[in-house]
Amino acid sequence: MAASGRAVVIGASLGGLLAARALVDSFTEVILLDRDAPPAEPVHRRGVPQGRHVHVLLARGRQALECLLPELGAELYRLGATPVDLHGQVHWYNDGHRMRSARSDLTGFGMSRPLLEQAVRQRILALPGVRLVPDCEVTGLLATADGRRVTGVRLAPREGRAATLTADLVVDAGGRASRSPTWLAELGYPAVEQERVEVGVTYVTRRYRREDGQLEDKLGVLSNAMPGRARYGVVAPQEGGRFAVTVAGILGEAPPVDEAGFIRYATSLAAPQVGELVRQAQPLDEPVLMRFPASVRRRYERLSRFPDGLLIFADALCSLNPVYGQGITVAAVQALLLRSLLARGRHRLARRFFRRAARVIDGPWSIAVGTDLRFPGVTGRRTWKVRFVNAYLARLHVAAARDAVLGAAFLRVVNLIDPPARLLGPDVMLRVLLGRRQRPSASSMAR
Ligand SMILES: Cc1cc2nc3c(=O)[nH]c(=O)nc-3n(C[C@H](O)[C@H](O)[C@H](O)COP(=O)(O)OP(=O)(O)OC[C@H]3O[C@@H](n4cnc5c(N)ncnc54)[C@H](O)[C@@H]3O)c2cc1C
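Residue numbers for the sequence shown follow the numbering used here, beginning at 339 and rising by one.
Structure, rendered in structure tokens:
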């Protein structure tokens, strides 16, 4: 189908940029609008406060990004990102058990979030017909008199007068604070159903000089929170010869930002490598803090009425507890979906997109919310399935301390390569049952 018309994207962060990649095959003009101006260097910007914190790119996300932007991995490598074998080169601790490591084809990239965004932005802006308008806030939607079709957006540029911009399609990639629910209400649409799971996560991140011999020569650490010790930690390499260390507390527990408190907190994690690193390595900056109150999923697919000419995308559709590192991957998979739907035409696009995007989100949402429901303080429905899966996973983590096949199966699921049901297959279950009979060795149990 030949490209035609104009698409406008609200937000030029990773969600908006990946949406633009999907749109460019079907629209002759794609305009990204952002209230920020993109920095010339890969550094933090105001509109993406999470950008200072460790961003893990899951293996599925890396694959999807490569499909959308071939050779992006080679480009990231050239810019200083470190390829990481997510099973072989990371110390994984689940429920305090150290997963037995093994070589794998699950490859991630260690890099800062601004570097990834910059590399993607440069590729997207080089595509024909794509343009970014910076310093420009979208303040509302334009619609036909009967409200049945969105026809553009209202703009408030940082300098200059309020304006409007017409479009054949508007994509809201404005992040978790998306104003589409309000704008749709103004057009007379019913309120979108919203699922919200309060997790009260507080992130604190600090960067350190990377040197030979640190982390027992591995490239990262991931120490998951568990009931009774709701503390999480991750270490990941970044460009510029550094490690970023993020520690996080959940349900309102906030890691300290002062030097001694940060070290104490890092040392209290199940993975001893995090504490060792922050005690010995040279810090490069001060710890920074960010709060993430709740996972939020907006069920646009359940609305009986929705205007033509509008889509909601990425975090604006679903914002997941970041400790599972899924947001960019879900955005990239949504971009692949949008591209394939547009290739078949624009008829009833919103209905087709929301229905299929809901299926993309179901797996990551069930992993994030299901795992969060292990903590008694998290409110939500603990169905028998959630309770069974969590009890089963606790056993899998014990067995994975010895059995690398189980670690690999678990990592393929959390990297969104395999569906969660894969862990309940007979081959995996048998290994979990056999593994339970063996006691974990002392070295596999963290303090
Ligand atoms: C602390 C934290 C850690 C995270 N860690 C990970 C991780 O490890 N791995 C991972 O995959 N994901 C992670 N995420 C999620 C990830 O950051 C997002 O999924 C990803 O950025 C895609 O989001 P987005 O583009 O939809 O929204 P955002 O990144 O929030 O961007 C929204 C953009 O829209 C612009 N904007 C908003 N409103 C308007 C408006 N009205 N007009 C104009 N512009 C507007 C903003 O300036 C911004 O540029 C993390 C999130 C948090 C909070």
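Note that the Cβ used here is the ideal one computed from N, Cα and C, for glycine as well. None of the values given here were measured: they were computed from a predicted structure.
Sequence-distant residues of the same chain with beta carbon closer than 6 Å to residue i, five excluded per side
i	result
G389	H382, R451 and P452
P394	One point to set straight first is that residue 394 is Val, not Pro, in the sequence displayed. Within the same chain, V394 has close Cβ partners G663.
V766	A747
L553	Q611
L627	V542 and V595
P625	V542, R544, V595 and F600
A784	Residue confidence for A784 is low, a pLDDT of 42 falling below 50, so the modelled location carries little weight and cannot support an answer.
D510	I348, S516, S518, I650 and A654
A402	A670, V671 and L674
A742	R438 and A440
Three-state class that DSSP yields for residue i in the structure shown
i	result
P495	strand
G389	helix
A632	strand
Q611	helix
S779	With a pLDDT of 47 at S779, under the threshold of 50, the modelled position of this residue cannot be trusted; read the value that follows with caution. Correct three-state label for S779: coil.
L479	strand
V394	coil
L771	helix
R569	strand
V508	strand
Q576	strand
V616	helix
P452	helix
L361	helix
L407	coil
L355	helix
Cβ-based neighbour list, residue i, same chain, cut-off 7 Å, excluding 5 preceding and 5 following
i	result
E577	L417, G418, A419, M449, S450 and L453
Q620	Y546 and R547
P824	Because the chain in this structure spans residues 339 to 785, residue 824 falls outside the shown range and cannot be described.
E639	F692, R693 and A696
G718	V535, V707 and L711
V790	This structure cannot speak to residue 790, because the chain is shown only from 339 to 785.
D653	G353, G513, R514 and G665
G587	T540, A568, R569 and P593
R486	P645 and D646
F713	P565, A568, I588 and L589
A457	L410, E413, L414 and L417
Strand pairing of residue i, partner residues [DSSP]
i	result
G343	DSSP, once it has assigned bridges, lists no residue as partnering G343.
P421	F447
V368	A345 and V468
R487	D646
F581	Y546 and P575
W521	Answer by DSSP bridge pairing: none, since W521 is not bridged.
R436	Y431
L627	V542
L503	V491
A586	Y541 and Y570
P621	Y546
Other residues of its chain near residue i: CB distance less than 8 Å, five sequence neighbours each side excluded
i	result
L744	L734, A737, A738, V766, R769, V770 and G773
R459	A350, L355, P376 and L470
T366	A341, S342, G343, R344 and G467
R496	R373, D473, C474 and E475
G426	S439, A440, R441 and S442
E752	With the sequence shown as reference, residue 752 is identified as Val, and Glu is not the correct amino acid for it. Result list for V752: L396, Y662 and I705, in chain order.
V616	R544, Y546, V583, F600, I601, A604 and T605
W791	Within the shown structure, residues of the chain are numbered from 339 to 785, placing residue 791 beyond reach of any answer.
Q: Could you pull out every unbroken alpha helix (DSSP H) segment of at least 4 residues lying fully inside the segment 634-720, listed in chain order?
A: Listed in chain order, the complete alpha helix (DSSP H) runs (minimum 4 residues) inside the segment 634-720 are 665-681 and 687-710.
Q: Enumerate, from N- to C-terminal direction, the unbroken beta strand (DSSP E) stretches of 3 or more residues contained entirely within the segment 526-566.
A: 532-547 and 558-561
Q.
Suppose only complete runs of 4+ residues qualify. What are the alpha helix (DSSP H) ranges in the segment 717-768, listed by chain order?
A. 722-738 and 742-752
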